[in-house]
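Heads up, the sequence shown is in our numbering, so the first residue is 5 and it goes up one at a time.
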Amino acid sequence: MSKPVLFTGSAVAIITPFKNEAIDFDKLEELIEFQITNGSDAIVICGTTGEVSTLPDQEHVAAVKFTVEKAGHRLPVIAGAGSNHTQHGIELSQAVEAAGADGILSVSPYYNKTTQKGLYEHYKVIANSVKIPIILYNVPTRTSLNIDPETIRDLSLIDNIVAIKECNFSQVGDIVNLCGEDFTIYSGDDGVVVPMMSLGAKGVISTTANLIPRDFHDMTARYLDGDVEGARKIQLRALNLIKALFIEVSPIPIKAALNLIGMDVGICRMPLVEMSEKNLEVLKQAMVDYGFSCSEAYRP
């Protein structure tokens with residue numbers, strides 16, 4: 005039986021707007037509408053870009069429930085629900101399922117890490133605790149732990165583990181060869197979306213799409229429609245902007261970028277702090293070069 009595909013194309017890893025130390029739900033609703041209007045194919049709420057590590061569980065689940073309600077089945081809503089404590093991962097996964105999420109993005113255990121066998125057992129018990137589809141999330145630069153291709157193959161045999169957000173480009177070909185076309189791969193690196201799609205990925209879960217959702221939708225749609233050259237041109241045009249959006253720890257720059265165009269999304273929660281003046285100027289220039297008008301009033 006073939007596995008379900010949660011989405012193809014561009015999913016935005018949406019930021020979490022804050023105001024007075026709390027989630028700004030009015031602003032979050034604006035951002036959801038902005039993404040839907042501009043063609044995003046799915047929303048990932050409470051991921052890394054959404055500062056999930058600073059969200060207590062009650063706030064986390066409230067953000068998921070709100071996003072599901074406001075999206076209103078117009079596009080899939082995928083909820084981050086990973087943990088480095090397996091029991092917590094189970095409880096959080098069950099909570100976002102109950103909140104109405106269409107799927108779960110589950111980051112691999114971090115800090116305490118584990119073995120490849122531990123990874124398999126961790127994901128297996130989480131998958132068995134819910135009915136909705138799970139996307140594995142492999143981001144070794146943050147977790148200091150790689151999910152090896154052979155482990156991904158074994159996990160892909162579990163019915164509701166349907167996809168992976170892969171940030172380790174070097175192993176994408178091995179994943180495709182081991183897991184086959186029925187297991188979906190999404191790029192976790194905005195700078196190599198088209199190259200990853202050339203190896204079989206079906207789209208991207210993107211930070212940059214917070215700022216340019218239409219372009220990321222068009223890039224992936226063109227590739228999927230067979231217009232590789234059109235997709236390549238969009239990818240190349242966006243590269244300098246993408247680099248600037250990762251000049252400091254994400255999501256610091258993407259929040260600054262949204263504030264520069266007047267979206268007023270607030271600042272990151274500590275320990276993340278605002279951008280340095282030097283890097284902010286680099287970001288501004290990249291945005292101007294891309295075609296944005298940036299507010300000179302915004303200062304960190």
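The beta carbon of each residue, even a glycine, is placed where N, CA and C say it ideally should be.
None of the values given here were measured: they were computed from a predicted structure.
**Residues near ILE246 in its chain [Cβ-Cβ closer than 6 Å; skip 5 each side]** = ASP194, GLY195 and THR212
**Item:** Cβ pair MET223, ILE256 closer than 8 Å
**Value:** no
**Prompt:** Thinking C-beta only, is GLY93 closer than 8 Å to ILE49?
**Reply:** no
**Request:** State the beta-bridge partners of ALA15 as determined by DSSP.
**Result:** ALA46 and ILE209
**Message:** When you compare the CB positions of LEU228 and PRO137, do they come within less than 8 Å of one another, or not?
**Reply:** no
**Nearest neighbour of GLY122, chosen from HIS89, CYS183, LYS135 and ILE238 [CA to CA]** = HIS89
**Any alpha helix (DSSP H) of 4 or more consecutive residues that is wholly inside the stretch 171 to 255** = 176 to 183, 197 to 202, 217 to 228 and 232 to 249
**Asked** Which stretch, first to last residue, makes up the beta strand (DSSP E) that contains LEU140?
**Response** 138 to 142
**Prompt:** Which value, in whole angstroms, describes the spacing of the CA atoms of ASN150 and ILE179?
**Reply:** 13 Å
**Neighbour-count burial assignment, GLY177, 16 or more Cβ in a 10 Å radius** = exposed
**Request:** Just mark GLU281 as buried or exposed, buried being the case when its beta carbon has 16 or more other beta carbons within 10 Å.
**Result:** exposed
**Minimum C-alpha distance to ALA17 - residue among PHE38, ALA46 and LYS7** = ALA46
**Item:** VAL269 and PRO21 closer than 8 Å at C-beta
**Value:** yes
**Item:** Nearest residue (CA-CA) to ILE82, options PRO60, GLN91 and GLY54
**Value:** GLY54
**Message:** So, with DSSP's three-state summary, where would you put ILE36?
**Reply:** helix
**Prompt:** Among residues of its own chain, excluding the 5 on either side of ILE265, which ones have a beta-carbon nearer than 8 Å to its beta-carbon?
**Reply:** LEU215, MET291, PHE296, SER297, CYS298 and SER299
**Asked** Thinking C-alpha only, which one of GLN91, LYS74, GLN175 and GLU101 is nearest GLY84?
**Response** GLU101
**Request:** Can you give me the start and stop residues for the alpha helix (DSSP H) that LEU284 sits inside?
**Result:** 281 to 294
**Prompt:** Where GLU95 and VAL56 are concerned, what is the direct C-alpha to C-alpha distance, given to the nearest angstrom?
**Reply:** 15 Å
**Request:** Could you say which of HIS64, ARG146 and LYS117 lies nearest to GLN98 if we only look at CA atoms?
**Result:** HIS64
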